[in-house]
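Engineer: If you scroll down you'll find the structure; I have some questions about it.
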Amino acid sequence: GNSVTQMEGPVTLSEEAFLTINCTYTATGYPSLFWYVQYPGEGLQLLLKATKADDKGSNKGFEATYRKETTSFHLEKGSVQVSDSAVYFCALSDRAAGNKLTFGGGTRVLVKP
Amino acid sequence: DGGITQSPKYLFRKEGQNVTLSCEQNLNHDAMYWYRQDPGQGLRLIYYSQIVNDFQKGDIAEGYSVSREKKESFPLTVTSAQKNPTAFYLCASSISPGTGNTGELFFGEGSRLTVL
Numbered sequence: 005g006n007s008v009t010q011m012e013g014p015v016t017l018s019e020e021a022f023l024t025i026n027c028t029y030t031a032t033g034y035p036s037l038f039w040y041v042q043y044p045g046e047g048l049q050l051l052l053k054a055t056k057a058d059d060k061g062s063n064k065g066f067e068a069t070y071r072k073e074t075t076s077f078h079l080e081k082g083s084v085q086v087s088d089s090a091v092y093f094c095a096l097s098d099r100a101a102g103n104k105l106t107f108g109g110g111t112r113v114l115v116k117p
Numbered sequence: 225d226g227g228i229t230q231s232p233k234y235l236f237r238k239e240g241q242n243v244t245l246s247c248e249q250n251l252n253h254d255a256m257y258w259y260r261q262d263p264g265q266g267l268r269l270i271y272y273s274q275i276v277n278d279f280q281k282g283d284i285a286e287g288y289s290v291s292r293e294k295k296e297s298f299p300l301t302v303t304s305a306q307k308n309p310t311a312f313y314l315c316a317s318s319i320s321p322g323t324g325n326t327g328e329l330f331f332g333e334g335s336r337l338t339v340l
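Chains as they are written, first to last, in our numbering: chain U, 5 to 117; chain H, 225 to 340.
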């Protein structure tokens, strides 16, 4: 079956530091890949997505590239802010499975001023 | 504005009671989903529905029930058979597969259920 593995947190950073959250996946088909973000007490919001190999998703200074050869979709941001403190989820969507999302376990990021 | 509304935001239940969580969307989405989130963990799929009057079990359906009588609504009932119901419940929706949908889900703000 499909699965998503992402690095465990918490990740604690200082403001303006570089952030990387690793994500790898296992899928039988050609999934779409997503990063969702969850702020405290809220639901999930889509941060960025990529639908095919070598696509790069980007939003709010975050980037992730769909790497089919390494089955990875690592999230990066060059200079984090306190407002980036949240839980980040990597996920894949398998069209063959009715577009159900499979989520990784989430990575909590804490940015200190 | 279009979106997904979950209610109540917080709910307390005594053991042995059934409770129903509401989820309404005005995005005209065909598919709707219920996920459960436990502290420090990822999301697990409880039930999903791709069309009115039809739904399928997800990975952890035991102790839960749903209905999909209207396109806009997908209520989740947590029954007394659910052994550990305290959790954060998230409802989501999406357009149907096969209509150019890449799989993006739109989420509500969640309902936190606590069993006393």
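Where is the CB? At the ideal position from N, CA and C, for every residue including glycine.
Give a yes or no on whether the minimum CB-CB distance between ARG99 (chain U) and chain H is below 8 Å.
Structural biologist: Answer yes: the Cβ-Cβ gap between ARG99 (chain U) and chain H drops below 8 Å somewhere.
Engineer: DSSP on ALA100 (chain U), reduced to helix/strand/coil?
Structural biologist: In the structure shown, ALA100 (chain U) sits in a helix (DSSP, three-state: H, G or I).
Engineer: Let me know the secondary structure DSSP gives VAL115 (chain U) once reduced to three states.
Structural biologist: Of the three classes helix, strand and coil, the one that applies to VAL115 (chain U) here is strand, per DSSP.
Engineer: Am I right that HIS78 (chain U) and ASN26 (chain U) are in contact with their C-beta atoms under 8 Å? What's the rounded C-beta distance?
Structural biologist: Contact flag correct, Cβ pair sits at about 5 Å.
Engineer: So which residues of chain U does SER318 (chain H) contact, with C-beta pairs closer than 7 Å?
Structural biologist: Simply ASN103.
Engineer: Between the beta-carbon of VAL113 (chain U) and the beta-carbon of SER89 (chain U), is there less than 8 Å?
Structural biologist: Yes, these two residues count as a Cβ contact at 8 Å.
Engineer: Excluding five sequence neighbours on each side, which residues of the same chain lie with their C-beta closer than 7 Å to the C-beta of LEU50 (chain U)?
Structural biologist: Around LEU50 (chain U): PHE38 and TYR40.
Engineer: Taking Cβ positions only, does GLN265 (chain H) come closer than 8 Å to chain C?
Structural biologist: Checking the listed chains, one finds no chain C in this structure; the protein chains it contains are U and H.
Engineer: Tell me which residues share the same chain as PHE107 (chain U) and place their Cβ nearer than 7 Å to its Cβ, disregarding the 5 neighbours each side in the sequence.
Structural biologist: VAL8, PHE93 and ALA95, listed in sequence order.
Engineer: Given 8 Å as the limit, is there contact between the region 230-238 of chain H and the region 62-77 of chain U, that is, 3 or more CB pairs closer than that?
Structural biologist: No, the region 230-238 of chain H does not touch the region 62-77 of chain U.
Engineer: Are there three or more Cβ pairs, one per stretch, closer than 8 Å when the region 12-19 of chain U is compared with the region 271-291 of chain H?
Structural biologist: Because the criterion of three Cβ pairs below 8 Å is not met, the region 12-19 of chain U and the region 271-291 of chain H do not touch.
Engineer: Can you list, in chain order, the residues of the region 328-340 of chain H whose Cβ is nearer than 9 Å to any Cβ on chain U?
Structural biologist: Within the region 328-340 of chain H, the residues whose Cβ lies closer than 9 Å to some Cβ of chain U are GLU328, LEU329, PHE330, PHE331, GLY332, GLU333, GLY334 and ARG336, listed in chain order.
Engineer: Let's see if you can read the secondary structure: which residues bound the beta strand (DSSP E) around GLU296 (chain H)?
Structural biologist: First-last for GLU296 (chain H): undefined, no H or E at that position.
Engineer: When the Cα of TYR259 (chain H) is compared with those of H:ASN250, H:HIS253, H:ALA305 and H:SER273, which residue comes out closest?
Structural biologist: When each option's Cα is compared against that of TYR259 (chain H), the closest is H:SER273.
Engineer: Take THR24 (chain U) and list the residues in its own chain whose beta-carbon comes closer than 8 Å to its own, dropping the five residues that flank it on each side.
Structural biologist: Cβ within range, chain order: HIS78, LEU79 and GLU80.
Engineer: For the region 244-277 of chain H, list every residue whose C-beta sits within 9 Å of some C-beta in chain U, in sequence order.
Structural biologist: Residues ALA255, TYR257, TYR259, GLN261, GLY264, GLN265, GLY266, LEU267, ARG268, LEU269, TYR272 and GLN274.
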